[in-house]
Amino acid sequence: MSGGLRVGLVGVGIISETHLAVLGERGDVALEFAVDPRLEGPLVFRGEEVPSYGEPAGALAAHEVDLVVIATPTDTHAELAVQALTLSAARVLVEKPLVHDLASLDRLRALDEAAGVPGRVFTAYHFAFSPEVLWAAGLMAEHPEWGPVTNITSAFYDPYVARGEQAFASYLSSWMDSGVNQLSMLARFVDLTALTSVREMDGGAAAWCTCEFLSRGERGLARLRTSWLAGSSSKETVLTFARSGVEIWIDHTAMTGFAAREGALLAAHGDDGRTPRKVAHYRPLYESLLSGRPDPVMSFATAARITELHHTAPAR
Ligand SMILES: NC(=O)c1ccc[n+]([C@@H]2O[C@H](COP(=O)([O-])OP(=O)(O)OC[C@H]3O[C@@H](n4cnc5c(N)ncnc54)[C@H](O)[C@@H]3O)[C@@H](O)[C@H]2O)c1
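Each position in the sequence shown, counted from 1, maps to that position plus 13 in the working numbering.
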């Protein structure tokens, strides 16, 4: 980029550390401000203090920025995105999920004419950028002879049970948090068509859902398990190509994968262990966002589709 990208950060919590680490690697980025009512002192970015605010309106009035990053609790995204869209001309990268309910999606859609929402709003669906996901998507593209994906099983575990109410405050529920990660990751492989069942359990700390999809024009079914009742983080997805007998297993925790047919290993993907997992997600995400041709998986259209799917299960 020429001239540098002026960024404003709203929300300085856990995931902001990854945004700041990746933005800090880029010579083309300047951090203009940080907003968080809980900030106790100025944020330091590349060794310098960044102007800090308790709410976004003051920051947006005092600074012209090209990108506002919203990394706040999920149920604040819609209000803060509306403020960023109406009080600035910047693009807005919102942490996933874009919004927590359909009314908030409608609120953003209603702003479209005034604020140019599709051209300005992007969602940080970081799992879609994880190395093993990009590897598996590339492998599938290289092997059309494997036929359509017929079944998917994905299980995402986070040990958030130990964080108690704080996990619910930041992420609302396991399905709200990980279900969105699963759907946005699966959007790399198949066209998701309908959520066919949702069972939330354990007070929202776990869920079991099914989602229909199309793969090479044929219908398949994904089974999605999410849970915070876990001893450590563990996330895995299996794509089955029943017609050819091929399976792709991807481990999102280890960022690894393999493809096999019966006893034969067809392909494998490893990781050099040098890049922290979240940095490995957000580095390509920012590269894509700032490339001038953002990956469609980050687009408002994709976020609207995923939000609708996520919230429109027929039975609970
Ligand atoms: N933690 C992760 O690994 C992770 C990964 C990907 C995405 N996310 C998403 O990022 C978002 C934030 O998650 P987190 O883990 O960083 O939560 P967090 O609770 O650690 O941080 C959120 C921060 O936002 C601040 N905040 C609250 N309201 C605000 C407001 N109105 N204006 C400015 N700041 C405000 C809070 O004071 C807090 O410091 C969530 O939507 C989550 O789904 C989190």
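All C-beta atoms, glycine included, are put in the ideal place defined by N, C-alpha and C.
Just so we're clear, the structure is a prediction, and the values are computed from it rather than from any experiment.
Can you tell me whether DSSP reads residue i as helix, strand or coil?
i    : result
L322 : helix
R329 : In this prediction, R329 has a pLDDT of 44, which is less than 50 and means its spatial position is unreliable; what the coordinates show is noted afterwards. Looking at R329 - three-state DSSP - the assignment turns out to be coil, as it is neither helix nor strand.
G270 : strand
S301 : helix
A102 : coil
W159 : helix
S15  : Caution applies to S15, whose pLDDT of 46 falls short of 50 and renders its modelled position unreliable; the value that the coordinates give is listed next. DSSP places S15 in coil when its eight states are reduced to three.
K291 : helix
R232 : strand
L52  : coil
L111 : coil
T85  : coil
V310 : helix
A255 : coil
R220 : The sequence given here places Ala at residue 220; Arg does not occur at that position. Correct three-state label for A220: strand.
D285 : coil
D264 : strand
S247 : strand
Relative to the C-alpha of residue i, which candidate in the options has its C-alpha closest?
i    : options                : result
L44  : H32, S183, S257, V211  : H32
G129 : L152, A137, L100       : L100
F313 : P69, H76, V107         : V107
E321 : V112, M311, L303       : V112
V146 : L302, Y170, H294       : H294
V162 : D49, E231, R290        : E231
K291 : L36, G17, G21, L18     : L36
G200 : A127, R122, T315       : The question names Gly, yet the displayed sequence has Ala at residue 200. Nearest C-alpha to A200: T315.
T87  : R176, G40, A137, A72   : A137
M198 : E249, Q179, D215       : E249
W221 : A168, V63, N194        : A168
E62  : A74, A116, V78, A47    : A47
S301 : I83, S143, F58         : S143
L252 : H324, G160, I165       : I165
A141 : A281, H265, R287, G286 : H265
L22  : A103, G60, G40         : A103
Q179 : Q195, A218, A272, G192 : A218
V174 : A243, M214, V193, G233 : A243
E38  : T288, L278, R212, S240 : T288
A272 : A149, S247, L18, R236  : A149
E212 : G233, L196, L237, Q195 : Inspection of the sequence shows that residue 212 is occupied by Arg rather than by Glu. Looking at the Cα atoms, L237 is the closest of the given residues.
Y170 : S191, G160, V42        : S191
G160 : S228, A277, V134       : S228
M268 : G17, G286, I319        : G286
A97  : A116, V20, F202, P307  : V20
N194 : H323, L56, D41         : H323
P131 : S117, V105, V78, L115  : V105
G283 : G276, E275, G270       : G270
V95  : D79, F254, S117        : S117
If I follow the unbroken alpha helix (DSSP H) through residue i, where does it start and stop?
i    : result
D125 : 125 to 128
H282 : Unbroken run through H282 is the beta strand (DSSP E), 277 to 282; no alpha helix (DSSP H).
G21  : Counting along the chain, G21 falls outside any alpha helix (DSSP H), though it belongs to the beta strand (DSSP E) covering 18 to 23.
V35  : 27 to 38
S183 : 178 to 184
V193 : 193 to 199
L73  : 69 to 75
Residue range of the beta strand (DSSP E) that residue i falls in?
i    : result
M214 : 204 to 214
S167 : 164 to 170
E145 : No beta strand (DSSP E) holds E145; the alpha helix (DSSP H) holding it covers 144 to 155.
L242 : Careful: L242 lies outside any beta strand (DSSP E) and carries neither H nor E.
F58  : 56 to 58
A47  : 42 to 48
E62  : 61 to 63
A137 : 134 to 137
Does the region 204 to 216 touch the region 258 to 274, meaning 3 or more C-beta pairs lie closer than 8 Å? No, the region 258 to 274 does not touch the region 204 to 216.
Taking three-plus beta-carbon pairs below 8 Å as touching, is the region 143 to 162 in contact with the region 176 to 185? No, the region 143 to 162 does not touch the region 176 to 185.
I want to know whether the region 47 to 57 touches the region 297 to 313 - three or more CB-CB distances under 8 Å. They do not touch, by the three-pair rule.
Okay, do the region 115 to 132 and the region 80 to 95 touch, 3+ Cβ pairs below 8 Å being the bar? Yes, the region 115 to 132 is in contact with the region 80 to 95.
Do the region 72 to 88 and the region 17 to 29 touch if we need at least three Cβ pairs shorter than 8 Å? By the Cβ test, the region 72 to 88 is in contact with the region 17 to 29, since at least three Cβ pairs between them sit closer than 8 Å.
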